[in-house]
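Trainee: Residue numbers (my numbering), protein chains in the order written: chain A, 293 to 404; chain B, 176 to 612. Every residue, glycine too, gets a C-beta built ideally from N, C-alpha and C. Please see the structure below; I have some questions.
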Amino acid sequence: MKLVSAIIKPFKLDDVREALSEIGVTGITVVEVKGFGRQKGHTELYRGAEYVVDFLPKIKVEAAVDDALVDQVIDSISAAAKTGKIGDGKIFVYDLNQVIRIRTGETGPEAL
Amino acid sequence: MTFSSLGARRPLLAALILAVAPSLAMAEDTLSSGDTAWMLTATALVLFMTIPGLALFYAGMVRSKNVLSVLMQCFAITALMTILWMVFGYSMAFEDGGGLNAFVGGLGKAFLAGVGVDSLSGTIPETVFMTFQMTFAIITPALMVGAFAERMKFSSMLLFMAIWLFVVYAPVCHWVWGGGWLGGWGVLDFAGGTVVHINAGIAGLVTAIVLGKRKGYPTTAMPPHNLSLTLVGASMLWVGWFGFNAGSELAADGVAGMAMAVTQIATAAAALGWMFSEWLSHGKPSVLGIASGAVAGLVAITPASGSVGPMGALVIGVVAGIGCFFAATRLKRAFGYDDSLDVFGVHAVGGIIGAMLTGIFSASAFGGAGLGDGNNTVFAQLVAQAVGVIATLIYSGVATVVILKIVGSVTGGLRVTEEEEEIGLDLSCHDERGYII
C-alpha cells in the first residue's frame, strides 16, 4: 500500500478529484496548505510599500491506494493538475505500513 | 454668525450683497427655512464623515490587532470634542475676542451662553451653525489618528486632543473664519483646507515623529488588514464631503450647488489620477490607491469649492491625485518617518496643493468666481494663500510639539510599551479583540 500525497494548485482540486474517482480511488483527504517552491511567493504593494509574501496557498490531496493502483493515480493526478506553468506542484509517494477501518476493524488492503 | 465672520468666509458674496442689493443685506437677519433645512442635513453629513466614514477608512488600513483602537479613538474623539466645543471651543473660535481678536475669540459664548432657539447666524439658527462647526472640530483631530495609529496610549491621545482643540484648532479656525488675522489677508479657504486639513496633517506628522516609528517599521510587513472596510469608509467620506463643502456656503444657493459639482469633479479626477499613476509606475491599479486618490481630491478641492469652476476643479483633482500619490509613496520613504496611514501625505500635501491652486483658479480668467477681498492679482492671492499655509504649518507644528511634551510628562509617556504594541492596542488598551473567529 502507498500513500500518495500531492501538492496542487487550488483551482485544480475538482479536476483531480474527478480524475481519481474515474480510476476507482474511493477516498481522498484534502488539506489547505501554504508553502513555496520554485514558484516562490508574490509581492503585494500598499501605497508604495512592497511586501513579499513567501507562502502561496496550495491544496494537499492525500490518497491511500493499493500498490497496483499507484502508477495510475500518479498519472491521473499529473494529467489533471498540470497547467504547464511554474507552481503546478509535486507528488510524494510513501510506503504505507497499515490501514485500519475504524467502524469494522478491517485492516490492510481491505480497509482501503 | 457675526457679519465679520461672514465677510471672512464669503468675501465675494458679502461684497456683492452690499454693493448690488443693500436690501438683501437687511434680509440676512431673517431665518430661511430652505437654508436651515440644508444646513441641518449638511451637519449630519459631516458627522457621518467621521463616524463611521473616517473611522472605517482608517480601521481597514491598520493590522487586525489594532482595528478597534482606531475605531475607538475616532469615536471617543467625536464625543470628547462635542463637549469641549460646547464648553469653550465654539466661543473661542467664533466669538469676538476683544483685544486678542486677531488671534483668538473670547469666552462670551462659553457653555453656549446666549445661543437660544431664536439666535440667528445669517439665515440659519445659531444652534445649527454651532453644531455644523462642531462637526469640523470633531473631524480635524480625528484625522490625526491615522498618523500615530498602532502605538499611542489612549489616555495620552485623549488629553492631547483636548488641549489641541483649544490651543490649535479654535485659534486657527478663528484666524480664517472667526474674524481673525488671516481673514484680513483675503485668504480663500472656503471649507477648511487650511483650518482642517493642513492643520491636522502637520500636527499628525509632528505627533508621528515625536512618538517615533512603530516597532518593526519599515522592515516588518504591516499590510492593511481589510481594504473592504477602507473602501467603504472612503465612500462614506466622499458622500459626507458634500455636507462639508456645499454646507460651508451656509445656505442653499447657487454657490452651494457649484461647490457640490466641483467637489464631485475634483474627487473623481484625483481618484483616477492616483489610480493611473500607480498603474503606470507599479503595474497594477489598487483599491487602496483609488480610495486614497479620492480622499486626496476631496481634501484639495475643499478650500477651492466656493470659488472655482468645473475646469479649475478638474485640474485641482488631477494635480492632487498625482501629487499625493508621490507624497504617500515616495516622500515618506525618502524621509523615513512613520506616518502610519499617510495623514501628512494626503491631508497636508493635498491641502497645500488645494490652497495654492485655489489662488489661481478662483480668478475669473480661469473660470472662478473671483479672488479674495483686497487681492487684485493672482500673484497677490497666491501670497495670501501661502501666508495662510505657512502660518498654519508653523503654528500648528510648534504648538503640537509643546502639547505633546506636556501630555507625555503628565501621562508618563505617550506610547504604549513595546510589549503592549506587540500584542496590539485592542487587547492592551481596551481588553477586547476586533475579530473573534
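#1: Check B/Met327 in the structure and name its three-state DSSP category.
#2: When you check each C-beta in the stretch 461-487 of chain B against every C-beta of chain A, which residues fall closer than 9 Å?
#3: Can you tell me which of the three DSSP states B/Tyr570 falls into?
#4: Would you tell me roughly how many angstroms separate the C-alpha atoms of B/Gly368 and A/Glu324, rounded to the nearest one?
#5: Closer than 9 Å, CB to CB, is B/Met397 near chain A or not?
#6: Taking B/Asp517 as the query, report the chain A residues whose CB atoms sit under 9 Å from its CB, ordered along the chain.
#7: Would you say A/Glu336 lies against chain B (beta-carbon separation less than 9 Å)?
#8: Quick check on B/Pro300: does DSSP put it in helix, strand or coil?
#9: With DSSP as the reference, identify every bridge partner of A/Tyr289, one or two as the case may be.
#10: Buried or exposed for A/Glu342, please, with buried defined as at least 16 other CB atoms from any protein chain shown within 10 angstroms of its CB.
#11: Quick one, which residues of the stretch 343-363 of chain A are near chain B if we go by CB-CB under 7 Å, in chain order?
#12: With a threshold of 9 Å between beta-carbons, can B/Lys240 be considered close to chain A, or not?
#13: Pick out whichever of B/Phe307, B/Met267 and B/Val343 has its Cα sitting closest to the Cα of B/Thr216.
#14: Quick check on B/Ile682: does DSSP put it in helix, strand or coil?
#15: Give every residue of the same chain whose Cβ lies closer than 8 Å to the Cβ of B/Thr395, excluding the five residues on either side of it in the sequence, and list them in chain order.
#16: For B/Gln248, count neighbouring Cβ atoms within 10 angstroms of its own Cβ and tell me buried if that reaches 16, exposed if not.
#17: Compare the C-alpha of B/Thr310 against each of B/Leu222, B/Val430 and B/Ile565 and name the closest.
#18: Considering only residues of the stretch 489-516 of chain B, which uninterrupted alpha helix (DSSP H) runs meet the minimum length of 4 residues and lie entirely inside it, listed in chain order?
#19: Could you tell me which chain A residues have their CB closer than 7 Å to the CB of B/His457, listed as they occur along the chain?
#20: Roughly how many angstroms lie between the CA atoms of B/Asp210 and B/Glu424, to the nearest whole one?
#21: Taking its Cβ as the centre, do 16 or more other Cβ atoms sit within 10 Å of B/Phe519, making it buried, or is it exposed?
#22: Is the Cβ-Cβ distance between B/Gly235 and B/His400 less than 9 Å?
#23: Can you find the residues in the same chain that come closer than 8 Å, C-beta to C-beta, to B/Glu593, ignoring five residues on each side of it along the sequence?
#24: So what's B/Val292 in DSSP terms, helix, strand or just coil?
#25: With the cut-off set at 9 Å, would you say B/Lys657 and B/Val385 are in Cβ contact?
#26: So for A/Leu348, helix, strand or coil by DSSP?
#27: Just to confirm, are B/Gly534 and B/Ala559 a CB contact at a threshold of 9 Å?
#28: Who are the Cβ neighbours of B/Ala471 in its own chain at under 7 Å, not counting the five residues just before and after it?
#29: What residue from B/Ile476, B/Ser571, B/Leu275 and B/Asn551 has the CA that sits closest to B/Pro316's CA?
#30: Looking only at DSSP bridge pairs, what is B/Ala409 linked to?
#31: B/Leu489 and B/Ile465 - do their beta-carbons sit closer together than 9 Å?
#32: Rounded to whole angstroms, how far is the Cβ of B/Val351 from the Cβ of B/Gly358, which I believe are closer than 8 Å?
#33: Looking only at C-alpha atoms, which of B/Phe232, B/Phe501, B/Ala530 and B/Val343 sits nearest to B/Met267?
#34: At the level of alpha carbons, what is the spacing between B/Ser207 and B/Phe541?
Mentor: This is what the structure gives:
#1: In the second sequence, the residue the question calls residue 327 of chain B occupies position 152. Strand at B/Met327.
#2: Ser461, Leu463, Gly464 and Ser467
#3: Here residue 570 of chain B refers to the residue found at position 395 of the second sequence. B/Tyr570 falls in the helix class under three-state DSSP.
#4: One-based indexing of the second sequence puts residue 368 of chain B at position 193. One-based indexing of the first sequence puts residue 324 of chain A at position 32. Answer to the nearest angstrom: the Cα atoms are 50 Å apart.
#5: Position 222 of the second sequence, counting from 1, holds the residue named residue 397 of chain B. Yes, its Cβ sits closer than 9 Å to a Cβ of chain A.
#6: Here residue 517 of chain B refers to the residue found at position 342 when the second sequence is read from its first residue. Those within 9 Å of B/Asp517 in chain A are Arg339.
#7: Here residue 336 of chain A is taken as the residue at index 44 of the first sequence, counted from 1. So yes, A/Glu336 belongs to the interface.
#8: As a working note, residue 300 of chain B is residue 125 in the second sequence. Here B/Pro300 sits in strand by DSSP.
#9: Not covered by the structure: residue 289 of chain A. The range shown for chain A is 293 to 404.
#10: Reading the first sequence from its first residue, position 50 is the one you call residue 342 of chain A. Looking at its Cβ environment, which holds fewer than 16 other Cβ atoms inside 10 Å, A/Glu342 is exposed.
#11: Tyr343
#12: By one-based count along the second sequence, residue 240 of chain B stands at place 65. B/Lys240 does not count as touching chain A.
#13: Sequence index remark: in the second sequence, residue 216 of chain B carries index 41 (1-based). Nearest of B/Phe307, B/Met267 and B/Val343 to B/Thr216, Cα basis: B/Phe307.
#14: There is simply no residue 682 of chain B to check, as chain B begins at 176 and stops at 612 in what is shown.
#15: Against the second sequence, residue 395 of chain B aligns to sequence position 220. Counting only Cβ-Cβ distances below 8 Å, and skipping sequence neighbours, we find nothing.
#16: As a working note, residue 248 of chain B is residue 73 in the second sequence. Burial call: buried.
#17: The residue given as residue 310 of chain B occupies position 135 in the second sequence. Per the Cα distances, B/Leu222.
#18: 507-510
#19: Here residue 457 of chain B refers to the residue found at position 282 when the second sequence is read from its first residue. Neighbours of B/His457 on chain A, chain order: Leu337.
#20: Here residue 210 of chain B refers to the residue found at position 35 when the second sequence is read from its first residue. Here residue 424 of chain B refers to the residue found at position 249 when the second sequence is read from its first residue. So the two alpha carbons sit approximately 10 Å from each other.
#21: For the purposes of this step, residue 519 of chain B is taken as the residue at position 344 of the second sequence. With 16 or more other Cβ atoms within 10 Å, it is buried.
#22: Position 60 of the second sequence, counted from the first residue, corresponds to residue 235 of chain B. Position 225 of the second sequence, counted from the first residue, corresponds to residue 400 of chain B. Yes, Cβ-Cβ distance for B/Gly235 and B/His400 is below 9 Å.
#23: If you number the second sequence from 1, residue 593 of chain B lands on position 418. Contacts found: Lys390.
#24: As a working note, residue 292 of chain B is residue 117 in the second sequence. The answer is coil: DSSP assigns B/Val292 none of H, G, I, E or B.
#25: What is shown of chain B runs 176 to 612, which leaves residue 657 of chain B out entirely.
#26: What you label residue 348 of chain A is simply residue 56 of the first sequence in a count that begins at 1. Strand, per DSSP.
#27: Mapped onto the second sequence, residue 534 of chain B falls at position 359. Mapped onto the second sequence, residue 559 of chain B falls at position 384. Yes, they are a contact pair.
#28: Residue numbering aside, residue 471 of chain B sits at position 296 when the second sequence is read from its first letter. Taken in chain order, the residues that qualify are Ala445, Trp449, Ala495, Gly496, Cys499, Val521 and Gly525.
#29: As a first step, residue 316 of chain B must be located in the second sequence, where it is residue number 141. For the residues B/Ile476, B/Ser571, B/Leu275 and B/Asn551, the minimum Cα distance to B/Pro316 belongs to B/Ser571.
#30: Within the second sequence, numbered from 1, the residue matching residue 409 of chain B stands at position 234. BP columns for B/Ala409 are empty, so no partner.
#31: Along the second sequence, read from residue 1 onward, the residue named residue 465 of chain B stands at position 290. Along the second sequence, read from residue 1 onward, the residue named residue 489 of chain B stands at position 314. Contact flag unset, no.
#32: Position 176 of the second sequence, counting from 1, holds the residue named residue 351 of chain B. Position 183 of the second sequence, counting from 1, holds the residue named residue 358 of chain B. Indeed they touch by this definition, with Cβ atoms about 6 Å apart.
#33: Position 92 of the second sequence, counting from 1, holds the residue named residue 267 of chain B. Of B/Phe232, B/Phe501, B/Ala530 and B/Val343, the residue nearest in Cα terms is B/Val343.
#34: Taking the second sequence and counting its residues from 1, the one referred to as residue 207 of chain B is at position 32. Taking the second sequence and counting its residues from 1, the one referred to as residue 541 of chain B is at position 366. So the alpha carbons of these two residues sit roughly 32 Å apart.
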